[in-house]
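Participant:
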Amino acid sequence: MKKALPIGVENFEDMVKSGYYYVDKTLFIKELLDLKGKVNLFTRPRRFGKTLNLSMLRYFFEDSGDMEKNRQNRELFRGMKILDAGERYSSQMGKYPVMNLTLKSAKQEDFENAYYVLQAEIASEFDRHRTVIEQGRERLTTKEYEQYLHIADEKADEKQVRGALKLFSKCMYKITGKNTVILIDEYDVPLENAYFRGFYKEMVGFIRSLFESALKTNDYLQFAVITGCLRISKESIFTGLNHLKIISILDQRYSEHFGFTEAEVGQMMVYYGVESRFTVMKEWYDGYAFGSTEVYNPWSVINFMYDLYADVNAFPRPHWINTSSNDIIKDLIARADRETKRQIETLLGGGTLDIQVHEEVTYGDMYNNGENLWNFLYFTGYLTKESEYFKESSIFLRARIPNIEVKTIYQNTILNWLKDMIKKEDFHDLYCAMENGNAQRMTDILNGQLFRTISFYDSAENFYHGFLTGILSQSENYLVKSNRETGNGRSDIMVKSPSLRGRSFIVEVKVSDSIDDLENDAQKALQQIYDKRYMEELREEGYRKIDCYGISFFRKDCEVRFGKEA
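Next up, the structure:
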């Protein structure tokens, strides 16, 4: 039996004890100890192993106050790379109190609910260490002990909660004589959520206070590791935190500890006997560059591997698309002006975009200029670095879409946006032109709509078919049937009146290779309707008034040809 694939497993103890396939990232610990960063912020795209790595740090460094539990934690690392690194590193096992906090659950509809969730998360960590507190309560003042219990029991006021992490560290030091390791996962989730839901100012104030007490004036801090997707400005969150080290996907250090390297993916595929599909795996899920290290999306690799192990011929799918709301992409497309639309089309066509790197931004800065938004997309994994260069005292990136999977996120979001946009339009003139056989008027209207859209051409037939079906489906007087999905050799689109005495139309779509082919291809599409007798299905249903249209597309242009039933 092969080891199970760890889909959604983010707890290191569960990963090891339950026998899941684990890609050993324990040398992250070595690099962390070697570089001696006091407060380390790692920014990586979502689902690139941040939570699992923080869980690993907890089990490695934590002194739980229970000798047997500490022994069990050490046992988790048997056979791992970190134990081969030497006694200098293994001697740090089980040495410190650890506060392991995740903020990812604070994705709530308003500040009140988000604060409640964060308070509960902090309380849970306080309660996890309650035994240590009870055993050493004589070393605490009455006020410290009572305050600790108030927070653990979710009875503390907001001011006490804001200072909770510093209180925790102080209490642990007074009892154990050891400084605290603070681990904070997904610190920017509540900030992103608050920005899009309209309570950003309140959330920034709370997170700033929480971090200041824990990281700025905390004499009882051993070190801290914070993870998130985005680089939020020091001035807004980490005010005055001079010893903060931000490690982004641009940095050479720590580059191979988040995500899978090509060697790790290859080893996994050999283990499961599916190495014959390596090319597909690479095309769909590779393409990221952290520092100079080539990185695969680990979430998507594991999910595709799960499918391949059951069927080596399984088709790849966009697994990453369902792990978030993709609000940034939706907002990008909804707000796009003509230049931004052109840039998106360039990226979808396999091109690159040169952007200046902004080391620190806030959500409020996102729409100040286009480069801020492209930076957000880069740091969150929707773009990747093809190359970088230095110009006029600034770093510039030549960015592109990483792989096929991420391209499908753009394309699906564009199609959904297109459907929403079409629903707001009045296409009465188009239907009248179609009923009157006015092919030139139809051409003019469709060209106008194409000019306003964001188009992609690598799967152009799907785009144009969706574009045309969406428009034709807006009529209350006709039913639209798309035969494209059935692959049954019938026409692309049928438009028909609910009444058999009413009008009906057959539409065939072609995509031209050049602008010069538009007219001929439209005529070929029309002729195909006749040659393959697509109108027979409508005749059999009982329709007698059947008109035919051949429509060809090339980028932002189309051509319409009209013909009566032969």
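Just so we're aligned: 118 in numbering that gives the first Met the number 0 is position 119 of the sequence shown, and the numbers increase by one with no gaps anywhere. No residue lacks a Cβ here, since even glycine has one placed at the ideal position from N, Cα and C. These numbers come from a predicted model, not from an experiment.
1) For the beta strand (DSSP E) that contains Phe-577, what are its first and last residues?
2) For Thr-485, name the three-state secondary structure that DSSP assigns.
3) Using 8 Å for Cβ pairs, my map puts Ile-121 next to Val-160. What's the rounded Cβ distance?
4) My assumption, with CB atoms under 8 Å, is that Ser-503 sits in contact with Lys-495. Please give the rounded CB distance.
5) Are the Cβ atoms of Asn-446 and Asp-546 separated by less than 8 Å?
6) Bridge partners for Thr-452 per DSSP, in chain order?
7) What residues in its chain sit with their C-beta under 8 Å from that of Val-22, if we drop five residues either side in the sequence?
8) Report the rounded CA-to-CA distance for Thr-278 versus Tyr-295, giving the unit in angstroms.
9) Round the Cβ separation of Gln-221 and Asn-178 to the nearest angstrom and send it over; I've been treating them as touching at under 8 Å.
10) For Phe-167, is the beta carbon positioned less than 7 Å from some heavy atom of the ligand ATP?
11) Among the residues of its own chain, which have a CB less than 6 Å from the CB of Ala-565, if the five just before and after it don't count?
12) So the candidates are Lys-103, Ala-84, Leu-471; which of them puts its Cα closest to the Cα of Leu-31?
13) Short check: CB of Thr-226 to CB of Arg-43, under 8 Å?
14) Going by Cα to Cα distance, which pick from Leu-51, Ile-453, Glu-111 is closest to Thr-345?
15) Have a look at Asp-109, Phe-257, Leu-471 and flag the residue whose alpha-carbon is nearest the alpha-carbon of Gly-197.
16) Short of 7 Å in beta carbon distance, which residues of its chain neighbour Glu-370, apart from the five on each side in sequence? Order them along the chain.
17) Report the option in Met-304, Leu-164, Lys-154, Val-180 whose CA atom is closest to the CA atom of Tyr-20.
18) Once the 5 residues before and after Glu-507 are set aside, which same chain residues still bring their CB inside 6 Å of it?
19) Could you spell out where the alpha helix (DSSP H) holding Val-188 opens and where it closes?
20) Look up Gly-465 in the DSSP assignment and say whether it is helix, strand or coil.
21) Taking the CB atoms as reference points, tell me whether Tyr-144 and Phe-125 lie closer together than 8 Å.
22) Rounded to the nearest angstrom, how far is the Cβ of Leu-53 from that of Val-224, given a contact under 8 Å?
23) Give the range of the beta strand (DSSP E) segment to which Ala-288 is assigned.
24) Who are the near neighbours of Gly-562 in its chain, counting only those whose CB is closer than 7 Å to its CB and skipping five residues on each side?
25) Return yes when the Cβ of Tyr-253 is within less than 8 Å of the Cβ of Val-180, no when it is not.
26) With three or more C-beta pairs closer than 8 Å as the rule, is the stretch 417 to 425 touching the stretch 463 to 479?
27) Start and end of the beta strand (DSSP E) containing Asn-39?
28) Nearest to Glu-540 by alpha carbon, out of Ser-291, Lys-142, Glu-558, Met-493?
29) Hey, would you say Leu-574 sits closer than 8 Å to Ile-400, going by beta carbons?
30) Please check the pair Gly-290 and Gln-251, which I expect to be a contact at CB under 8 Å, by giving their CB distance rounded to whole angstroms.
31) Is it buried or exposed, His-427, if we count other Cβ atoms within 10 angstroms and call 16 or more buried?
32) Cα-Cα, which of Asp-62, Thr-141, Ala-313 is closest to Thr-130?
33) With DSSP collapsed to three states, give me the class of Ser-104.
34) In terms of residue numbering, what span does the alpha helix (DSSP H) encompassing Gly-227 cover?
35) Using DSSP with H/G/I as helix, E/B as strand and the rest coil, what is Ala-565?
36) Span of the beta strand (DSSP E) holding Arg-500?
Facilitator: A quick look at the data gives this:
1) Absent from the model: residue 577. The displayed extent of the chain is 0 to 565, so no value can be given.
2) Per-residue confidence for Thr-485 stands at a pLDDT of 38, beneath the threshold of 50, marking its modelled position as unreliable; the derived number appears in the next sentence. In this structure, Thr-485 counts as helix in the three-state DSSP scheme.
3) About 6 Å separates the two Cβ atoms, so the contact holds.
4) 4 Å
5) no
6) Bridge partners of Thr-452: none, in fact.
7) Excluding residues within five positions, the ones whose Cβ falls inside 8 Å are Phe-259, Glu-263, Met-267, Pro-297.
8) 13 Å
9) Right, the Cβ-Cβ distance comes to about 4 Å (below 8 Å), so this counts as a contact.
10) The ligand ATP is not part of the structure shown, which contains no ligands of any sort.
11) Residue confidence for Ala-565 is low, a pLDDT of 49 falling below 50, so the modelled location carries little weight; the figure read from the coordinates is stated next. Here the set comprises Tyr-529.
12) Ala-84
13) yes
14) Ile-453
15) Asp-109
16) Ile-354, Gln-355, His-357
17) Met-304
18) Taken in chain order, the residues that qualify are Ser-490, Asp-491, Ala-524, Gln-527, Ile-528, Gly-549.
19) 188 to 196
20) Helix.
21) Not closer than 8 Å, so no.
22) 6 Å
23) 287 to 289
24) Around Gly-562: Leu-525, Cys-547.
25) no
26) Yes, since at least three Cβ pairs between the stretch 463 to 479 and the stretch 417 to 425 fall closer than 8 Å, the two stretches touch.
27) 38 to 42
28) Met-493
29) Past the edges of the chain, shown from 0 to 565, lies residue 574, and the structure says nothing about it.
30) 4 Å
31) A residue is called buried once 16 or more other Cβ atoms fall within 10 Å of its Cβ, and His-427, having fewer, is exposed.
32) Asp-62
33) Correct three-state label for Ser-104: helix.
34) First-last for Gly-227: 220 to 227, but that is the beta strand (DSSP E), not the alpha helix (DSSP H).
35) Reliability of the predicted coordinates at Ala-565 is poor, the pLDDT of 49 falling under 50, and no value is obtained from them.
36) Counting along the chain, Arg-500 falls outside any beta strand (DSSP E), and DSSP gives it neither H nor E.
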